[in-house]
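Trainee: So for the sequence shown, numbering that gives the first Met the number 0 puts the first residue at 0; every next one is plus one. Here's a structure for you.
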Amino acid sequence: MKSANLENWIETALPEPVRRLKRSRLGVQISRFHSRKNQKSWGLESSIELDYAHFLEWSAEVVRFVPQPMEIEILQHGRRKAYVPDFLHISTKMDRTVTEIKPQGWDKSPFLVEKYEACKVELAFQGIKFQVLTDADIRRDELHRNLRHLYPSYKTSTPEQVLAVFAGLSRMNNRATVGELMALPNPPTYAACAAFAYENWVDIHSKPFGLSTVLEIGDEHADH
0 MKSANLENWI ETALPEPVRR LKRSRLGVQI SRFHSRKNQK SWGLESSIEL DYAHFLEWSA
60 EVVRFVPQPM EIEILQHGRR KAYVPDFLHI STKMDRTVTE IKPQGWDKSP FLVEKYEACK
120 VELAFQGIKF QVLTDADIRR DELHRNLRHL YPSYKTSTPE QVLAVFAGLS RMNNRATVGE
180 LMALPNPPTY AACAAFAYEN WVDIHSKPFG LSTVLEIGDE HADH
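Next comes the structure, spelled out in structure tokens:
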């Protein structure tokens, strides 16, 4: 498939969110997430959904994704019901997968087990896969712990503050720890270092972020 045709297929296969979350419902905190992969921003209803958005954003196997993607009609207890799942993503193999995010223990509820089995069957007719993931599935590795720690700083730091990290590294032969950078005259802030690390830290998948974290700039670092 040619790149232009592929792009058109992706745009057609990946809908806009059917629910646009702009403010919190009672007891629900809305978080804003900006996706560089999709060049869009969305509201997400839980910290687990935010963490999964990070996973989709960083996964090399995911081409595009969207939250609140569609309304699915399912048959449960003899009644047709409408339900909006949490995410839809397209993989590098052009597979489409709908994901529902739930806390651990969801499968102890016969109602939810029946509901999501009905969703799986309904989506299979459309050639779409279905899965349920829990907070334990999403938050089990160092990458996601780091992303939870770094993303707030990435979201709030200004370009000028992040440029201070580049300036500090250029004064340290392009390589220094966060602590060394913060000990410089006119140093970058810890938050600015965290924002820099969110996009540029080579060990983000394997090591916890802190003052001893080594940051560097160089041609060997590709965009995530």
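Even glycine gets a Cβ: it sits at the ideal position worked out from N, Cα and C. Since we're looking at a predicted model, the values are computed, not measured.
Judging by CA-CA distance, which residue of Thr212, Asp50, Gln38 is the nearest neighbour of Pro151?
Mentor: Answer by Cα proximity: Asp50.
Trainee: Helix, strand or coil, according to DSSP, for Leu162 in the structure here?
Mentor: Leu162 falls in the helix class under three-state DSSP.
Trainee: Going by the beta-carbon positions, is the gap between Ser205 and Leu142 smaller than 9 Å?
Mentor: A contact, by the Cβ cut-off of 9 Å.
Trainee: Taking 6 Å as the limit between beta carbons, can you name the residues of its chain near Ala163, skipping five residues before and five after?
Mentor: Only Pro187, Ala191 meet the Cβ criterion.
Trainee: Just to confirm my understanding: we take Arg79, look at its own chain, exclude 5 residues before and 5 after, and list those with CB closer than 6 Å. What are they?
Mentor: Taken in chain order, the residues that qualify are Glu72.
Trainee: Does the distance from the C-beta atom of Ala196 to that of Thr176 stay below 9 Å?
Mentor: No, the pair does not count as a contact, with Cβ atoms beyond the cut-off.
Trainee: If we call anything under 9 Å between Cβ atoms a contact, is Ile100 one with Phe64?
Mentor: Contact flag unset, no.
Trainee: Tell me, to the nearest whole angstrom, how far the beta carbon of Ala52 is from that of Phe32; I am working on the premise that it is less than 8 Å.
Mentor: Going by Cβ atoms, the distance from Ala52 to Phe32 rounds to 5 Å, so yes, they are a contact pair.
Trainee: Return helix, strand or coil for Ile29, following the three-state DSSP convention.
Mentor: DSSP places Ile29 in coil when its eight states are reduced to three.
Trainee: What's the call for Pro84, buried or exposed, on a 16-neighbour Cβ count within 10 Å?
Mentor: Its Cβ being crowded by 16 or more others within 10 Å, Pro84 is buried.
Trainee: Relative to the C-alpha of Asn37, which residue among Arg147, Gly126, Leu55, Asn145 is closest?
Mentor: It is Leu55.
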